[in-house]
Structure formats: C-alpha cells, structure tokens
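Remarks on the structure that follows.
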Amino acid sequence: MSVSPLHIAVLMGGWSNERPVSLMSGAGIADALESLGHRVTRIDMDREVAGQLAAAKPDLVFNALHGTPGEDGTVQGMLDLMGLTYTHSGMVTSVIAIDKVLTKQALVPAGIPMPGGRIVATKDLFARDPLPRPYVLKPVNEGSSVGVAIVTDEGNYGNPISPEAVGPWQDFDELLAEPFIRGRELTTAVLGGADGPRALTVTELKPKSGFYDFDAKYTDGLTEHVCPAEVPEDIAEACMRIALDAHRLLGCKGASRSDFRWDDRLGVEGLFLLEVNTQPGMTPLSLVPEQARQQGMSYAELVQAIVDEALNDAAREAKR
109 MSVSPLHIAV
119 LMGGWSNERP
129 VSLMSGAGIA
139 DALESLGHRV
149 TRIDMDREVA
159 GQLAAAKPDL
169 VFNALHGTPG
179 EDGTVQGMLD
189 LMGLTYTHSG
199 MVTSVIAIDK
209 VLTKQALVPA
219 GIPMPGGRIV
229 ATKDLFARDP
239 LPRPYVLKPV
249 NEGSSVGVAI
259 VTDEGNYGNP
269 ISPEAVGPWQ
279 DFDELLAEPF
289 IRGRELTTAV
299 LGGADGPRAL
309 TVTELKPKSG
319 FYDFDAKYTD
329 GLTEHVCPAE
339 VPEDIAEACM
349 RIALDAHRLL
359 GCKGASRSDF
369 RWDDRLGVEG
379 LFLLEVNTQP
389 GMTPLSLVPE
399 QARQQGMSYA
409 ELVQAIVDEA
419 LNDAAREAKR
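My numbering puts the first residue of the sequence shown at 109, with every later residue one more than the last.
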C-alpha cells in the first residue's frame with residue numbers, strides 16, 4: 109500500500125476503566141502507521157494532553173482512547189478547539205452515543221429496535237426491583253460492558269439487592285435498568301469510506317462462561333468468536349442494516365461497532381440493538397480488525413482507511 113507520509117499523534121491510555129485496552133489499541137495502531145511510512149508520536153493521555161499536542165503539531169490525531177473522556181465528546185471538543193483533525197466520531201455524536209438513554213432517544217423514533225428501560229436511583233435498588241427479574245443493570249455512560257450486572261432469582265445479589273453485594277451499584281449513583289433479553293450475542297462493525305459507510309459482517313460471541321463482560325472481551329481464550337456468525341441470512345442482513353442505519357443516524361465517523369442480543373426463538377422480532385460503540389477496540393482480540401480481516405482487509409489497511417476518512421472529511425469541511 110502506497111500512502112503519503114504524515115505526522116500522526118496516536119492518543120491512547122487516559123484514566124478510564126478501559127485504559128489497559130486503549131494502550132493495547134494505541135500500540136497496535138502506532139505500529140501499523142509506522143509500517144505504512146507515517147511518523148508517529150505516541151501520547152499516553154494525561155491532564156496536560158493539550159500542551160503535548162500543541163508541541164507535537166501533528167497533521168492528524170488518531171484517537172485510540174476508550175471510555176471517558178476520550179469517547180464521550182470531551183476530547184473531541186478539545187481537539188475541535190485546537191483546530192486539529194482527528195479520527196472517529198465528532199463531539200456531538202460522541203456525547204449522544206456514550207449515553208445509553210440519549211442513544212435510545214435518537215434511534216428508537218427512527219425505527220431502530222432497542223430494549224425498553226428506565227433510569228433508577230441506586231439507593232432505590234436496595235428496597236425493591238425496578239423491573240421483573242431477570243433484568244440488566246448498567247451504567248448510563250460506560251462502554252465495554254463495564255459495570256454490567258444481570259439480576260436473576262438464582263443470582264447471589266440478594267432479593268432485594270444487597271448494598272454489600274459486588275455490583276455497579278457500589279460505583280454509580282444511578283443506573284439504567286433494562287429487561288434481560290435471552291439468546292445470542294451478535295455484533296457488526298461499520299467502516300466509513302470514500303463511498304460512504306459500509307457494514308462489514310456479523311460476529312457471534314460465545315463466552316466460555318457467564319456473559320460477554322469486560323474480562324470476556326479482552327482476555328484471550330474466554331470468548332469464542334464465530335465470524336461470520338452462523339445465523340439465518342435475514343438475521344445477518346438485519347444486523348448489518350441496523351448497524352449501518354445507527355451509524356448514519358448518529359453521525360458516526362471512522363469505525364463504529366453495534367452490539368446486539370438476538371432471541372433466536374423469535375426470528376427478526378427478537379433482534380435488539382444494545383449500544384453503538386464509537387471508539388471500538390483495535391487490540392489483537394478486537395472485533396473490528398477481525399471483521400476487516402474476514403473481508404480481506406489487513407490491520408494496516410484498516411488503520412489507513414480510518415485515517416483517510418478523517419482527512420477526506422477535513423478537506424470537505426475546509427471547502428465549505
């Protein structure tokens with residue numbers, strides 16, 4: 109692949125719960141960029157990041173951060189103020205997509221199937237269940253299944269939930285309660301390009317035990333990836349259509365990844381979008397690189413495609 113060399117700052121690390129994953133993503137991205145001939149400045153983000161970026165003066169910032177503040181619009185707003193071109197979604201999209209309630213408000217009226225649910229004060233969980241069991245509790249503004257709990261009659265959280273039980277109620281003042289959807293875990297990546305975004309394929313995730321939580325996502329051997337997923341054609345088509353629609357409706361850029369639950373007893377009616385990740389992982393175990401490989405795209409080609417879209421978008425904005 110022949111590319112014009114650039115000076116690219118890879119922004120990684122930070123202080124979210126997903127810092128270790130971001131460091132792995134950033135290292136892989138930086139290595140790939142260097143293999144393509146780009147000059148790379150690696151930046152492990154701290155509170156002085158604006159000064160580091162100003163001193164580096166990169167042509168482009170590759171945002172390899174996961175979680176807050178790199179995925180919630182904070183870093184995007186800073187980069188906008190600094191006049192720096194960067195990869196992945198912009199500030200407004202990031203603010204909406206990181207917030208599970210705002211995402212529902214943006215997508216459900218447009219016909220995207222998502223589970224119902226409501227915000228509950230954590231202290232109220234210790235008096236009564238907000239929904240019939242089984243149900244799911246998750247933070248409103250976290251990714252990678254950080255802090256997700258499935259509350260069942262057979263579980264060890266207590267009934268009602270005990271404040272001493274280990275769960276997200278120990279870390280968050282409010283949580284999103286959603287009905288638990290039995291069935292299978294599916295995911296679809298969407299990648300932007302010169303001809304517009306395209307959905308890559310569908311992967312089924314089969315955790316060896318429990319559910320597809322943070323550890324299952326990023327620990328080798330804990331989850332089997334079936335790519336492409338062995339699902340009926342109409343389910344695969346629906347996943348790809350919904351993921352692409354969500355990407356467009358939210359205004360995502362670069363790569364996004366849409367996560368689904370599918371109750372296979374119900375056909376297409378049992379398919380629900382759970383969330384859209386605007387900063388999906390780029391580690392050796394990550395799903396976007398895996399789906400790109402399945403489509404014949406190397407890791408370095410994937411990284412360059414994300415860079416190209418950011419540059420093309422910046423060029424279009426400059427002409428306005």
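All C-beta atoms, glycine included, are put in the ideal place defined by N, C-alpha and C.
Here A214 really is in contact with I204; their C-beta atoms are around 6 angstroms apart, less than 8 angstroms. Runs of the beta strand (DSSP E) lying entirely within the segment 259 to 341 and spanning at least 3 residues, in chain order: 282 to 287, 292 to 299, 306 to 315, 331 to 334. Between M120 and S130 the beta-carbon gap is near 5 angstroms, inside 8 angstroms, which marks them as a contact. For R424, the three-state secondary structure derived from DSSP is helix. Taking all protein chains in view, the Cβ of Q278 is surrounded by fewer than 16 other Cβ atoms within 10 Å, so the residue is classified as exposed. Here I227 is exposed, its C-beta having fewer than 16 other C-beta atoms within 10 Å. Cβ-Cβ distances below 6 angstroms link Q160 to I151 in the same chain, with the five nearest sequence neighbours on each side left out; the list follows chain order. The distance from the Cβ of V298 to that of E312 is about 17 angstroms, inconsistent with a contact at the 8 angstroms cut-off. Excluding residues up to 5 positions away in sequence, M222 lie with their Cβ nearer than 6 angstroms to the Cβ of V216 in the same chain. With contact defined as three or more Cβ pairs closer than 8 angstroms, the segment 274 to 288 and the segment 241 to 251 are in contact. Non-local C-beta neighbours of L187 in its own chain, meaning closer than 7 angstroms and more than five positions away in sequence, comprise V169, Y194, ordered along the chain. The continuous stretches of beta strand (DSSP E) do not include I220, and DSSP gives it neither H nor E. With a 10 Å radius around the Cβ and a threshold of 16 neighbouring Cβ atoms, M348 comes out buried. Taking the Cα of K361 as reference, the smallest distance to any Cα among V118, I137, E332, M199 is reached at M199.
A138 sits buried, since 16 or more C-beta atoms from the chains shown fall within 10 Å of its C-beta.
For S133, same chain residues with a beta-carbon under 8 angstroms away, outside a window of 5 residues either side, are M120, A172, H174, G389, M390, T391, S394 in chain order.
Contact check for E293 against K316 fails: the beta carbons are separated by 9 angstroms or more.
The alpha-carbon of T260 is positioned some 15 angstroms away from that of P276. Excluding its 5 nearest sequence neighbours in each direction, G181 has C-beta neighbours in its own chain below 6 angstroms: M199, S202, V203, listed in chain order. The continuous beta strand (DSSP E) containing S364 extends over residues 363 to 370.
Separation of the CB atoms of R236 and P268 is rounded to 6 angstroms, and the pair is thereby assigned contact status at 8 angstroms. When secondary structure is reduced to three states using DSSP, R147 falls in the strand class.
Going by DSSP, K246 is part of the beta strand (DSSP E) stretching over 243 to 246.
Secondary structure of M390 (DSSP, three-state): coil. Burial is judged here by how many other beta carbons sit within 10 angstroms of a residue's own beta carbon; P128 has fewer than 16 and is exposed.
Ranked by Cα distance from R290, the first of F280, G225, L114, F380 is F380.
Non-local C-beta neighbours of I343 in its own chain, meaning closer than 7 angstroms and more than five positions away in sequence, comprise W370, V376, L379, ordered along the chain. Sorting A363, L308, L358, F234 by C-alpha distance to the C-alpha of A346 places L308 at the top.
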